[in-house]
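In UniProt numbering, the protein residues as written are 1 to 193. We treat Cβ as the ideally placed atom computed from N, Cα and C, and that holds for glycine. Just so you know, these numbers come straight off a predicted model, no measurement behind them.
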């Protein structure tokens, strides 16, 4: 199983690379300017779109990749999640409160990447943007209990999921599953799902 990670120029990408490697999968890290043709040559089994410091429109080719690839499962983390929302016509904007290194209790639907994940769990948030309008093609799969923001989406027909929080962060955990096992389980559920 080969996992392609698209780097949106963020230090958290290295945690994602390490998680995928720890789980025993081959990892290829590429810049967010990668083209669809280059992705086809790499022929990955899964794609993870990383966090990053900018807006979805400034995330290289990520939105185009999400819109064009329909046969490779995609997971978007933080900025990657926001790219998924915008790729299908949703709206991302400034959050009322900036969340950098703060945890929230995350409630989820128990499906997809959340299979076997305690409900709720503590997700670590590093973001100033949030999804305000989720398009009809996407289902809201997770929300933060403290402020009610969208923390997860899943495409209704395509193998695409997004998470606003950081599964790879040291503070993402639950009472039942401590760090790093909860984040690893979320990533493993995506790869093996």
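Asked	Found
For residue 77 and residue 130, believed in contact at Cβ under 8 Å, the rounded distance	The pair is not a contact, with the Cβ atoms about 14 Å apart (cut-off 8 Å).
Pairwise C-alpha distance: residue 165 and residue 153	12 Å
CA-to-CA distance, residue 37 to residue 113, given in whole angstroms	28 Å
Check whether residue 145 and residue 94 have beta carbons under 8 Å apart	no
Classification of residue 22 by the beta-carbon crowding that lies within 10 angstroms, buried from 16 upward	exposed
Reduced DSSP secondary structure (H/G/I, E/B, other) of residue 190	helix
Whole-angstrom C-beta distance between residue 70 and residue 158, which should lie under 8 Å	5 Å
Entirely enclosed alpha helix (DSSP H) segments - the region 69-109, minimum 4 residues	79-87
According to DSSP, residues forming a beta bridge with residue 144	106
Residue 20, DSSP secondary structure in three states	helix
Status (buried if at least 16 other CB within 10 Å, exposed otherwise) for residue 163	buried
Distance between beta carbons of residue 49 and residue 72, contact taken as under 8 Å	About 12 Å; that fails the 8 Å criterion.
Inter-residue Cα distance where the pair is residue 143 and residue 150	5 Å
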